[in-house]
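Participant:
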Amino acid sequence: MKVLSYFPHKINRTLMMTIASLGSYFAMTQNSDAQTYKAPQDTVTIKRSPGESLTTYTKITQSLKEDTRLTGAAVKAAEILADTTKYDKQKGILITTLLSKPDLEYVAKQGINGTVALFELINKYLTKGQSITFRTEQNQEVTIGKNPLVLKDLRAMISVKPATIQSNQPQWKENVYQAYMARDYGTKLHNTITITSATREIRESTNLEILDYNGSSITLAEILQREQAKNKNKYAAEKAAVAEFRARTFPGDKISKENANENYKRALFELIRLQEGDINRHPETKKFVEALTTDLKKGKESNTINALKSSQFFNANVPGNVGPVLLTEDQVISAEQVSNQAEAKALEITMLTALHYGERDAVKLLRQLINGKGSISATQTGDFTPKRLSELTDHGTEKMKSLGYGSDKTKYMTSSDLVLVAVAGPETPVQPSSTAYISVQQVGMSIMNQYSTIEIQETKKLILFNPRIKMASRHSEYRTAFDAVDFVPEYVNGEPQQGSRISQNGIEFRLESDVYLSNLLKIAEKGVKPVIYPEFGIIGGTGRRQVGYDDKTMLGEHGAVPKFNQNYINWGGHFGINVGPVMLGVDATVLSTPGLDDPYKRFFDLSHVMTYYRYTLLTHILNLGYGNIEDGKGTNFIVDLELTGETNNEGTTNHTHTQSGASQTGSAEWKRDYNRSHPDGVYNAEIATQMILDGDVKASYASSNYAALHLGIQKSAFLIKGTLGMYGIRTIEHYKEGFVKWNEEVFKSTIFHGNFFAGLSLTYNFGSRSIIEKRRKVESYQSTGSGDQSPHQVQESSSRVNSSFGPRDHVIFTNKKSRITPQAIEAKL
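Numbering of the sequence shown is given in my numbering, commencing with residue 3 and proceeding in unit increments.
(1) Could you name each continuous beta strand (DSSP E) segment of 3 residues or more that falls completely within the stretch 458–543, going from the start of the chain to the end?
(2) How would you call I579, buried or exposed, if buried means at least 16 neighbouring beta carbons within 10 angstroms?
(3) Where does V742 land, buried or exposed, given buried means 16+ other C-beta within 10 angstroms?
(4) Near F511, which residues of its chain fall below 6 Å by C-beta distance, leaving aside the five closest residues on each side in sequence?
(5) If you check the beta carbons only, do T355 and V425 fall under 8 Å apart?
(6) Does the beta-carbon of S180 have 16 or more other beta-carbons within 10 angstroms, so that it is buried, or is it exposed?
(7) Cβ of L101 within 8 Å of Cβ of A80?
(8) Figure out for me which residue from Q548, I378, R390 and P428 has the closest Cα to the Cα of M415.
(9) Can you tell me where the beta strand (DSSP E) holding N707 begins and where it ends?
(10) Taking only three categories from DSSP, how would you classify A80?
(11) Nearest CA to the CA of G756: which residue from T295, L721 and S478?
(12) Are the stretch 321–341 and the stretch 378–389 touching, with three or more C-beta to C-beta distances below 8 Å?
(13) With a threshold of 7 Å on Cβ separation, who are the neighbours of L586 within its own chain once the five nearest residues in sequence on each side are excluded?
(14) Can you find the residues in the same chain that come closer than 6 Å, C-beta to C-beta, to I631, ignoring five residues on each side of it along the sequence?
(15) Taking all protein chains shown into account, decide if R205 is buried (16 or more other Cβ within 10 angstroms of its Cβ) or exposed.
(16) Rank Y615, T646 and L608 by C-alpha distance to the C-alpha of T621 and give the top, closest one.
(17) Measuring alpha carbon to alpha carbon, tell me which of A76, L624 and L310 ends up nearest N817.
(18) Tell me the rounded alpha-carbon separation between Y615 and G575.
(19) Using a Cβ-Cβ cutoff of less than 6 Å, which residues in the same chain neighbour K12 once the five nearest sequence positions on both sides are dropped?
(20) Can you tell me whether F136 is helix, strand or coil according to DSSP?
(21) Go through its chain and collect everything with a Cβ distance to G787's Cβ below 8 Å, but skip five positions before and after it.
(22) Could you compute how far the alpha carbon of N263 sits from the alpha carbon of G254?
(23) Evaluate the contact criterion for the stretch 679–692 versus the stretch 739–753: three or more CB pairs, one atom per stretch, below 8 Å.
(24) Between S357 and A709, what straight-line distance do the alpha-carbon atoms span, to the nearest angstrom?
(25) The beta strand (DSSP E) that contains Y617, what's its start and end?
(26) Is the stretch 555–562 touching the stretch 482–496 in the sense that three or more CB pairs, one from each, lie closer than 8 Å?
(27) How many Å lie between I372 and E331 at the Cα?
(28) Work out the CA separation of E107 and L128 for me, nearest whole Å.
(29) Grouping DSSP H, G and I as helix and E and B as strand, with all else coil, what is L764?
(30) According to DSSP, is T399 part of a helix, a strand, or is it coil?
(31) So, at 7 Å on beta carbons, what are the nonlocal neighbours of D297 in its own chain, with the 5 sequence-adjacent residues on each side left out?
(32) Just how far apart, CA to CA, sit G529 and P809?
(33) State the DSSP-derived secondary structure class of Q568, mapped to helix, strand or coil.
(34) Should E203 be labelled buried (16 or more other beta-carbon atoms within 10 Å of its own) or exposed?
(35) Is I257 closer than 8 Å to G250 when the C-beta atoms are compared?
(36) Report the option in Y602, P285, G761 and G636 whose CA atom is closest to the CA atom of K700.
Right, here's the structure in full:
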């Protein structure tokens, strides 16, 4: 595994030790204001005890919305109450008479506020002048807790723009920066980079561009040049340049807070870039990230995940919190989600921890977690001196200091606690409380105590392994050329060979399947394949091979190419990578024919077996749905564009590197035959003829290519495609004249001078159907006044639906009907 290979640049390791002090010291040598500056967290007058809660509560009023189920129950109850002849108004009426058991169970699940809404609705539908003896209101008061350690704004931003190191590295950097700012390491603390880090960037990142005092752009090299012009001593000049650089990352009289924070952001991004090289070049760090990745892949068994989730550091200060949320995520840590992205999360956790404490200390802390020792106090691990541990806890909890906590809060921090404050924040739930009238509460509690219902609903959506079988016509063309005995010379009297075409027409069978490595539930819901996924398959086919029927072939020393037809078989494998609407694939096949008695025909047969490679770029251009697709009966019109290069060698340059077949130009066998027919470098026709007669040599074949347009009609699991294309057999001719010239000539030889061909294919998708399984279980019981329960009544039901439409390919152009999801189809069915 290449550590942090997702970053596009290189950096070095000393940064990690310098970042540990990032945000801790702010003295700047040429700014008198900065020299006396004291960070806000160090000037807080509020003093808090370590266990004091930070949550503050506010009450808001929300309107209760009418529920159709409650409305129905209320109308029925109002009708019963309206007929006063059916009950004694003094004694009242049983609640079980007023409301049915299913309605009571439904109300019980709604809680107190459901009861409030129910009786308000009953009053609404009672005859004018009648009402139940207690009042209700249509509003409820909800108490919401607010806690400064719960970074709601950051989480909201990340939920809109989620990113990982792998999926979107620039956005991930932005999220890391915003996390720093949210944790008070930026805007509020007027942070600046350390002297050591600034010195390193002055030396190694001279082209880094920041904002000058007047808002214009300036590079670090220009800052250094200015100071060198003032001071002949290069060390003193560099020191002054470092101070000037840092002064531009620090809000003050010379530069606005906005520009200073922008410069700080650019400096931080550069530090992140430099940090990657450090980790890449440090063998121990590489091994450590691999170990962390392995641990995270264990999911619920991961020591690291369990250590973070088990940390008690936030519990006293954020009562009711339901767990930690990574700074670059918007949900509580999920062991399953982390295990599915283990490598990315290992890099992310390592990076964030290192940004806070430096590489060496980050590795020490995280190694404790990996080894299952995260809950041990950091004072007992022996990893840190008392002074260094004090620095780590002081820096890691600056947010705590700004809220009024002292050193007693951090005295017994564990390794898990230190990592936690670097990579995560707590999640706390909204805490509602009802202020309905007491009589209504009593009624509601009575209903809830008497009628209890447990309901479990489960929906499983899976997509089968998506195999498909394809039967198709197969047309191939290539030309014989570059053979070792000049049977078909490339030049005759200085004129280039224009012919020597060999064609094959047959039928091919392919059994292929996609492999989906992403969330199968999302695939089922959206009805679209993942953005990136591999595919593989096996190939088999047969047909007729036609040799010598090209009347453009120029005669050489051995006469005309013999005319003959023979059967061939081919077999092999397919592998492809799909990226959005594009598929990059390779077919590796083996071609063979029976051996022939005529030595001149035998020279051109494939009795010796020839490897053949087909490199394909397939683009899904168009997918238009029409007909009753929403009823599961529609049809899709599909257009694909294919560009393919073919060769019997490993590569399009007509040279082999690892094989040694007789048909492969430049192979070891070909060179041996060539040297034999060209003793001392001079062609000997007699020797060449004897080699042909003895069957000691075989024809060689040049690369070819084609461009094809596939027009298809898809109906349910069947797809029929017609193919129109042009074959070019002079693909390699201008290869050595440069990439641009080569492509121009390939285009001309294919489109304007190529050979037209057509084909037809039929594909059946076995696994194109998604499966939706639904299970529902309802358990009801009634409680008596003594606390006993009546027998539980259990009702279970399940259903299984096969959708006729599975996931579709990503396509450049679609219409509304082609984008309809399986769920929408099932809803109508």
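Ideal Cβ positions, reconstructed from N, Cα and C, are used throughout, including at glycine.
Facilitator: So, from the listed chains and residues:
(1) Complete beta strand (DSSP E) runs here, min 3: 469–481 and 503–516.
(2) Under the 10 Å beta carbon count, I579 is surrounded by fewer than 16 other beta carbons and is classified as exposed.
(3) V742 is exposed by the Cβ-count criterion.
(4) Cβ neighbours of F511 beyond the five flanking positions: M473 and G542.
(5) Contact flag set, yes.
(6) According to the sequence shown, residue 180 is Gln rather than Ser. Flag for Q180 reads buried.
(7) No. Outside cutoff.
(8) With respect to the C-alpha of M415, the residue from Q548, I378, R390 and P428 having the closest C-alpha is I378.
(9) Unbroken beta strand (DSSP E) run through N707: S706 to K717.
(10) A80 falls in the helix class under three-state DSSP.
(11) When each option's Cα is compared against that of G756, the closest is S478.
(12) No, the stretch 321–341 is not in contact with the stretch 378–389.
(13) The answer, listed in chain order, is G578, I579 and L619.
(14) Same-chain partners within the cutoff: K819 and I822.
(15) Exposed: under 16 other Cβ atoms inside 10 Å.
(16) Nearest C-alpha to T621: T646.
(17) With distances taken between Cα atoms, N817 lies closest to L624.
(18) Rounded to the nearest angstrom, the gap between the Cα atoms of Y615 and G575 is 10 Å.
(19) At K12, the pLDDT of 33 sits below 50, so the modelled position is not reliable; the number obtained from the coordinates is stated separately. Hits under 6 Å: G279.
(20) Because the pLDDT at F136 is just 49, under 50, the model does not fix this residue reliably, and the value given afterwards should be weighed accordingly. Here F136 sits in coil by DSSP.
(21) For G787, the predicted structure reports a pLDDT of 42, less than 50, and the residue's modelled location is therefore unreliable. A value from the coordinates is still provided. Residues of the same chain with their beta carbon placed closer than 8 Å to that of G787 are lacking, with the five preceding and five following residues left out of the count.
(22) Going from the Cα of N263 to the Cα of G254 covers about 11 Å.
(23) They do not touch, by the three-pair rule.
(24) The question names Ser, yet the displayed sequence has Leu at residue 357. Cα to Cα, the separation comes out at about 51 Å.
(25) Note, Y617: beta strand (DSSP E), M612 to Y628.
(26) Cβ pair count under 8 Å is three or more, so yes.
(27) When rounded, the distance between both Cα atoms is 21 Å.
(28) It is roughly 23 Å from the alpha-carbon of L128 to the alpha-carbon of E107.
(29) L764 falls in the strand class under three-state DSSP.
(30) Coil.
(31) These residues qualify, in order along the chain: S304, N305, T306 and I372.
(32) Each residue's alpha carbon lies about 4 Å from the other.
(33) Strand at Q568.
(34) Looking at its Cβ environment, which holds 16 or more other Cβ atoms inside 10 Å, E203 is buried.
(35) The sequence given here has Arg at residue 250, not Gly. Contact: yes.
(36) Among Y602, P285, G761 and G636, the Cα nearest to that of K700 belongs to Y602.
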